Amino acid sequence: MYLIPKDTMASKLDPAWAFLSGAERHFEEGPPQATRPGEREYAVVLPVHLHDGLPERLMAVGLLIDDQEASKVACFMFGLPLDEISADDIRDACMEACNVLGGCLVMSHDEAHTVEIGLPRELPLAQFTELQRKAHVSVTFSSECDAGRRIVITVFDTIDQRILES
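Under numbering that gives the first Met the number 0, the first residue of the sequence shown is numbered 0, with each subsequent residue one higher.
Below, the structure is given as structure tokens:
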């Protein structure tokens with residue numbers, strides 16, 4: 000399992016975001032970014048199952064998204080008006096966004112085997128940060144609209160998974 004080449008990642012993120020939200024966004028690679036007021040951060044690990052004989056791997060995906068964008072994604076995903084969306088709906092939509100966005104960036108080492116991505120697991124941000132510090136590959140993409148609302152996606156392949164055992 001490995002992340003697809005960085006120069007093709009944005010081309011995968013753009014249509015994945017449109018699928019999740021119904022809105023067009025363009026993502027560009029950039030440095031890791033801190034939260035701004037009104038933004039929430041979601042962090043998940045995705046268990047990646049490979050073919051027989053190879054160990055399970057983990058990929059981690061962080062999504063930094065402002066409240067308005069998160070609500071829009073939940074409304075689109077669940078087909079509900081804003082006044083019917085709950086905080087749990089927003090969290091679930093953002094977790095699914097991490098799952099889909101991460102899943103479009105991973106592939107198998109060879110074409111004879113497929114990669115199966117398991118259910119995402121939410122992480123406390125401290126664990127996510129520690130995993131990222133020890134990451135094999137880490138890349139951040141962001142998309143900012145004219146109103147200053149942005150979406151930031153950080154993806155990495157984990158090496159030392161022992162942090163998940165604590």
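From the three backbone atoms N, C-alpha and C, an ideal C-beta is built for every residue, glycine too.
Please read these numbers as outputs of a predicted model, since none were measured by experiment.
- Query: Leaving out the 5 sequence neighbours to the left and right, which residues in its chain are closer than 8 Å to ILE3 when beta-carbon positions are compared?
  - Reply: LYS11, LEU104, VAL105 and MET106
- Tell me the DSSP bridge mates of THR34? For THR34, which the question treats as bridged, DSSP gives no partner whatsoever.
- Message: Just list the residues that DSSP pairs ASP156 with in beta bridges.
- Response: MET58 and VAL136
- For the beta strand (DSSP E) that GLU27 lies in, which residues bound it at each end? 27 to 29
- Task: Taking PRO31 as the reference, give the member of ALA96, LEU118 and THR139 with the closest Cα.
- Result: THR139
- Out of curiosity, what's the CA-to-CA distance linking MET0 and ALA42? Interpretation of MET0 is limited by its pLDDT of 47, a score under 50 that renders its predicted location unreliable; the figure taken from the coordinates is listed afterwards. Between MET0 and ALA42, the C-alpha separation is close to 20 Å.
- Message: Which of the three DSSP states is assigned to GLU115 in this structure?
- Response: strand
- Message: I need the boundaries of the alpha helix (DSSP H) containing CYS103, first residue and last residue.
- Response: Here CYS103 belongs to no alpha helix (DSSP H), and DSSP marks it neither H nor E.
- So, using beta-carbon positions, are CYS93 and LEU45 closer together than 7 Å? no
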